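**Q** Have a look at this one before I ask anything.
2 protein chains.
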Amino acid sequence: MPNPTSRAASQPALTRLPRGTLSQAVIIEAALAVSERKGLGALSFQALGAELGAHPTAIYRHFRDKDELVLAVVDGLYAEMLAELAPSSEDWAADLRTLATTMHDVFVRHPAVAQIAAARTSRREHEFELVEQTISCFRRSGMTDADAARYYRIFSDVVLGYSAIDAALAALDPKLREADLRAWQVEYRTLPPAEFPNLTAVTSHIPAIDDPSNFRTAVDLMIEAIRARTAAAEVAD
Amino acid sequence: MPNPTSRAASQPALTRLPRGTLSQAVIIEAALAVSERKGLGALSFQALGAELGAHPTAIYRHFRDKDELVLAVVDGLYAEMLAELAPSSEDWAADLRTLATTMHDVFVRHPAVAQIAAARTSRREHEFELVEQTISCFRRSGMTDADAARYYRIFSDVVLGYSAIDAALAALDPKLREADLRAWQVEYRTLPPAEFPNLTAVTSHIPAIDDPSNFRTAVDLMIEAIRARTAAAEVAD
DNA sequence: ACCTGAACACCGTTCAAGT
DNA sequence: ACCTGAACACCGTTCAAGT
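Okay, here's the thing in structure tokens:
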């Protein structure tokens, strides 16, 4: 894999850093800025040092190790997401859809942070707030608290997992992404029908892997199934 | 983050490698073996060299670069999955469930490969076979070819994304994983109810992030929604 | 033809040194 | 107290050298 870190792209630190300008907040902001311009290699101490105009190891003054940094940046991602979130409505399913698409947008914009965020618990304030808002949607639907908790976890993981895939694909080295996309237009369309009868019968209908409507349909399907299940449970009472 | 590569765990190459013993198949097998014992750092040239008892760069004789290696190993993962797959039945939904759980198992067993597999197209024979079998399930359900293609993509991406999250969590440094799991038992259970009324109302019901039934429920929900949609389309005809 | 050794530009992390 | 420089064990990749 070619190294995703391009030396030309990182601005050289021409000015020395004034004392006491570094802080957790400043570093998190810088991390989100690099992760918007660079790909999966954005979250290194060197990339951050260059962005801040500081020595890479200066960051250790403010975060115990990489994991503490990384969880703080993940929570910064959730802060950015909450700031962009449309206000909640009286429609719990619409609010769930808004939550999901906003998360997807923010993940694709910051792929390096997204890869980590998907499988981690930041256990910091903006994650708490995000969980609160998601659970609020399920509770407003009228389901039991046990169901709200269960479907919160499953819905969130599906959204996190799908968004992380789309983020990773968007951040892939352009040459590799092109080759992957082309495979579905070329290799998959010239397979022998005798060996792959079902595949070849439908290849022309397979949506592109980078089609953003795939994610939206996945979210709609989850909501439909959860609604159908909890409606059936209510009738059974 | 502590380095996931442990020197003590990798066997030293005491014997020199006989000429001509290296091949694509041997290297892929070794890669799947290391990725079963080591975590996210399993797929490096050094780890592979140690496993093979060969110089790390000897691999370049057999694969052009890391990406070609990686796509071949991803396809090796699909080969392993297909070998473990239970034979298909007359129940398309049950077959889809089997496909999903087998993929989840293989991903969790090889987390380093899984992280890459989720967002890539190997465009090699075992991936073709996997796509063929998945599309076969949807076509047997009686839906249109266009729907089979659409739902293949969305169902597969949900399974891939969720499995990749569970794989990453399972491969996390044990200390970090413990801290993440504990957050849901401690931090999340001591939040102020005034600020987080919905969260605190249901915290005791939230399933653990490593509960394997979360994934199975997600798969069931997807199948239920797809079945409901296509049944409704049939009635409309 | 197939494998090794040395080199290069990257990683995270530690620690002594500067201010 | 806050930041820098040098060092260490890792990365992927290239290329000259060995057999």
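For the protein sequence lines, the chains are A and B, in the order given.
Under our numbering, the first residue of the first sequence carries the number 17, and numbering increases by one thereafter.
Under our numbering, the first residue of the second sequence carries the number 17, and numbering increases by one thereafter.
Note that the Cβ used here is the ideal one computed from N, Cα and C, for glycine as well.
Computed from a prediction, not measured in an experiment: that's the story for all the values here.
Determine the chain A residues that contact R139/B at a beta-carbon separation under 7 Å, and present them in chain order.
**A** Working through the second sequence from its first residue, we reach residue 139/B at position 123. In chain order: A199 and E203.
**Q** With a threshold of 8 Å, are at least 3 pairs of Cβ atoms found where one atom belongs to the stretch 123–141 of chain B and the other to the stretch 49–57 of chain B?
**A** Yes: the two stretches touch, three or more of their Cβ pairs being nearer than 8 Å.
**Q** Less than 8 Å between the CB atoms is what I'm expecting for V90/B and I132/B, so what's the real figure, rounded?
**A** Counting from 1 along the second sequence, the entry for residue 90/B is found at position 74. Counting from 1 along the second sequence, the entry for residue 132/B is found at position 116. Contact flag correct, Cβ pair sits at about 6 Å.
**Q** Just the Cα atoms here: how many angstroms apart are N19/A and R205/B?
**A** Taking the first residue of the first sequence as position 1, residue 19/A is located at position 3. Taking the first residue of the second sequence as position 1, residue 205/B is located at position 189. Low confidence applies to N19/A: its pLDDT is 35, below 50, so where it sits in the model is not reliable, and the reading given next is rough at best. When rounded, the distance between both Cα atoms is 42 Å.
**Q** At which residues does the alpha helix (DSSP H) containing L207/B begin and terminate?
**A** As a working mapping, residue 207/B is identified with position 191 in the second sequence. From DSSP, L207/B is part of no alpha helix (DSSP H); its letter is neither H nor E.
**Q** Is there a C-beta anywhere in chain A that falls below 8 Å from the one on V122/B?
**A** The sequence position of residue 122/B within the second sequence is 106, counting from 1. No - not a single Cβ of chain A is within 8 Å of the one on V122/B.
**Q** Would you be able to state if there are at least three C-beta pairs under 8 Å between the stretch 161–172 of chain A and the stretch 213–225 of chain A?
**A** No: fewer than three Cβ pairs fall under 8 Å.
**Q** Using only the alpha-carbon positions, how far apart do V175/B and R232/A sit?
**A** For this step, residue 175/B is matched to residue 159 along the second sequence. For this step, residue 232/A is matched to residue 216 along the first sequence. So the two alpha carbons sit approximately 15 Å from each other.
**Q** Listing by chain order, which chain A residues have their CB less than 7 Å from the CB of R169/B?
**A** As a position in the second sequence, residue 169/B is number 153, starting the count at 1. In chain order: I222, P223 and N230.
**Q** Starting from S152/B, find everything on chain A with Cβ-Cβ shorter than 9 Å and list it in chain order.
**A** To locate residue 152/B, count along the second sequence from 1; it is residue 136. Those are P213, N214 and L215, listed as they occur along chain A.
**Q** Taking 8 Å as the threshold (C-beta atoms), are A199/B and R139/A in contact?
**A** For this step, residue 139/A is matched to residue 123 along the first sequence. For this step, residue 199/B is matched to residue 183 along the second sequence. Contact flag set, yes.
**Q** Which word fits S105/B, buried or exposed, when buried means at least 16 other C-beta atoms lie within 10 angstroms of its C-beta?
**A** Working through the second sequence from its first residue, we reach residue 105/B at position 89. Looking at its Cβ environment, which holds fewer than 16 other Cβ atoms inside 10 Å, S105/B is exposed.
**Q** Take every Cβ of the stretch 78–96 of chain A, pair it with every Cβ of the stretch 210–219 of chain A, and state whether three or more of those distances are shorter than 8 Å.
**A** Contact fails: fewer than three Cβ-Cβ distances are below 8 Å.
**Q** Below 8 Å between beta carbons: does that hold for L98/A and E145/A?
**A** Translated into the one-based positions of the first sequence, residue 98/A becomes position 82. Translated into the one-based positions of the first sequence, residue 145/A becomes position 129. Taking 8 Å as the Cβ cut-off, L98/A and E145/A qualify as a contacting pair.
**Q** Under 8 Å between C-beta atoms, does L237/B make it to chain A?
**A** The residue given as residue 237/B occupies position 221 in the second sequence. Chain A contact via Cβ: present.
**Q** Based on Cα-Cα distance, which residue from L56/B, F79/B and I44/B lies nearest to L68/B?
**A** As a first step, residue 68/B is located in the second sequence; it is residue number 52 there, counting from the start. Here the closest residue by C-alpha is I44/B.
**Q** Any beta carbon of chain B sitting closer than 8 Å to that of A180/A?
**A** Start at 1 with the first residue of the first sequence, and residue 180/A comes out as number 164. Closer than 8 Å: yes.
**Q** Cα separation between A102/A and L115/A?
**A** Here the question's residue 102/A lines up with position 86 in the first sequence. Here the question's residue 115/A lines up with position 99 in the first sequence. Cα-Cα distance, rounded: 8 Å.
**Q** With a 10 Å radius around its C-beta and 16 neighbouring C-beta atoms as the bar for buried, classify Y76/B as buried or exposed.
**A** Residue numbering aside, residue 76/B sits at position 60 when the second sequence is read from its first letter. Label assigned to Y76/B: exposed.
**Q** Nearest chain A C-beta to F79/B closer than 8 Å, yes or no?
**A** Locating residue 79/B in the second sequence gives position 63, counting from the first residue. No, its Cβ sits nowhere closer than 8 Å to a Cβ of chain A.
**Q** Just the Cα atoms here: how many angstroms apart are W108/A and L237/A?
**A** Numbered from 1 along the first sequence, position 92 holds the residue referred to as residue 108/A. Numbered from 1 along the first sequence, position 221 holds the residue referred to as residue 237/A. If I take the Cα positions, the gap works out to 15 Å.
**Q** Helix, strand or coil, according to DSSP, for P190/A in the structure here?
**A** In the first sequence, the residue the question calls residue 190/A occupies position 174. DSSP places P190/A in helix when its eight states are reduced to three.
**Q** Listed in chain order, which residues of the stretch 93–113 of chain A have Cβ atoms closer than 8 Å to some Cβ of chain B?
**A** Listed by position, the residues of the stretch 93–113 of chain A near chain B (Cβ gap below 8 Å) amount to none.
**Q** Counting only the same chain and skipping the five closest in sequence on each side, list residues whose C-beta sits under 6 Å from that of Y94/A.
**A** Residue numbering aside, residue 94/A sits at position 78 when the first sequence is read from its first letter. The residues are H142, E143 and L146.
**Q** Given a threshold of 16 other Cβ atoms within 10 Å of its Cβ, counted over all protein chains shown, does A165/A qualify as buried or as exposed?
**A** The residue labelled residue 165/A in the question sits at position 149 within the first sequence. By the 10 Å Cβ count, A165/A comes out buried.
**Q** So the candidates are F171/B, G92/B, F61/B and E211/B; which of them puts its Cα closest to the Cα of R80/B?
**A** Indexing the second sequence from 1 puts residue 80/B at position 64. Per the Cα distances, F61/B.
**Q** Could you tell me if S266/A is buried or exposed, where buried requires 16 or more neighbouring beta carbons within 10 angstroms of its beta carbon?
**A** It is not possible to answer for residue 266/A, since the shown part of chain A is limited to 17 through 253.
**Q** Based on Cα-Cα distance, which residue from F212/B, F154/B and A184/B lies nearest to F171/B?
**A** Taking the first residue of the second sequence as 1, we reach residue 171/B at position 155. Per the Cα distances, F154/B.
**Q** Can you grab the Cα-Cα spacing for the pair G65/A / A47/A, in whole Å?
**A** In the first sequence, counting from the first residue as 1, residue 65/A sits at position 49. In the first sequence, counting from the first residue as 1, residue 47/A sits at position 31. Approximately 10 Å, taken between the alpha carbons.
**Q** Determine the direct distance from the alpha carbon of V42/B to that of I242/B, and round the result to whole angstroms.
**A** Translated into the one-based positions of the second sequence, residue 242/B becomes position 226. Translated into the one-based positions of the second sequence, residue 42/B becomes position 26. The straight-line gap from Cα to Cα measures roughly 41 Å.
**Q** Can G177/A and A210/A be called in contact, C-beta distance under 8 Å?
**A** What you label residue 177/A is simply residue 161 of the first sequence in a count that begins at 1. What you label residue 210/A is simply residue 194 of the first sequence in a count that begins at 1. Taking 8 Å as the Cβ cut-off, G177/A and A210/A do not qualify as a contacting pair.
**Q** How should S179/B be labelled, buried or exposed, when 16 other C-beta atoms within 10 angstroms of its C-beta is the threshold for buried?
**A** The residue labelled residue 179/B in the question sits at position 163 within the second sequence. Buried, because 16 or more other Cβ atoms sit within 10 Å of the Cβ of S179/B.
**Q** Using a Cβ cut-off of 8 Å (strictly closer), state whether T37/B contacts chain A.
**A** For the purposes of this step, residue 37/B is identified with residue 21 of the second sequence, where counting begins at 1. Judged by the 8 Å Cβ criterion, T37/B is not in contact with chain A.
**Q** Which two residues bound the contiguous alpha helix (DSSP H) that contains H221/A?
**A** Locating residue 221/A in the first sequence gives position 205, where the first residue counts as 1. Counting along the chain, H221/A falls outside any alpha helix (DSSP H), and DSSP gives it neither H nor E.
**Q** Whose C-beta lies closer than 8 Å to the C-beta of D196/A among residues of the same chain, with five residues either side of it excluded?
**A** In the first sequence, residue 196/A corresponds to position 180, counting from 1. Correct list, in chain order: L185, L188 and I225.
**Q** Using beta-carbon positions only, say whether S255/B and H71/B come within less than 8 Å of one another.
**A** The requested residue 255/B does not occur in the structure, where chain B is confined to residues 17 to 253.
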